[in-house]
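Visitor: Provided herewith is a single structure, encoded as structure tokens, for subsequent inquiry.
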Ligand SMILES: [Zn+2]
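Residue numbers (our numbering): 243 to 332.
Below, the structure is given as structure tokens:
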């Protein structure tokens with residue numbers, strides 16, 4: 243592994259192996275596939291603030307963890323967009 247910090251290591255992996263990327267498609271807890279779901283399907287498990295604030299959700303087909311584009315989404319998406327550019331993904 244070349245480079246010290248995680249950002250440098252990430253850039254190194256992308257540059258050397260150019261893995262096919264499929265952002266926002268896998269569960270971070272179990273790696274199961276995420277599927278878009280209607281808000282009404284997940285409403286019972288949402289916290290009140292999340293229920294009030296967000297309308298688009300996905301759920302893991304394996305462990306049922308629910309995802310939405312929360313407050314940290316912009317920062318994460320910037321990392322994803324940089325990774326897509328680094329690997330030449332369309
Ligand atoms: Zn999962």
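Beta carbons: idealized from backbone N, C-alpha and C, even for Gly.
Should residue 247 be counted as a contact of ligand 1 given a C-beta to heavy atom distance under 7 Å?
Guide: Your numbering for residue 247 matches position 5 in the chain shown. No, ligand 1 has no heavy atom inside 7 Å of this Cβ.
Visitor: Fully enclosed by the segment 260-296, which beta strand (DSSP E) runs are 3 residues long or longer?
Guide: Here the runs fully enclosed are 276-279.
Visitor: Going by the CB atoms, is the gap between residue 256 and residue 266 shorter than 8 Å?
Guide: Residue mapping note: residue 266 aligns to position 24 of the chain shown, counting from 1. Residue mapping note: residue 256 aligns to position 14 of the chain shown, counting from 1. No. Outside cutoff.
Visitor: Can you name, in chain order, every residue of its own chain whose Cβ lies under 6 Å from the Cβ of residue 272, other than the five neighbours on each side?
Guide: Residue mapping note: residue 272 aligns to position 30 of the chain shown, counting from 1. Cβ neighbours of residue 272 beyond the five flanking positions: 304, 305.
Visitor: Please say whether residue 279 and residue 299 have beta carbons closer to each other than 8 Å?
Guide: Locating residue 299 in the chain shown gives position 57, where the first residue counts as 1. Locating residue 279 in the chain shown gives position 37, where the first residue counts as 1. The answer is yes: Cβ separation under 8 Å.
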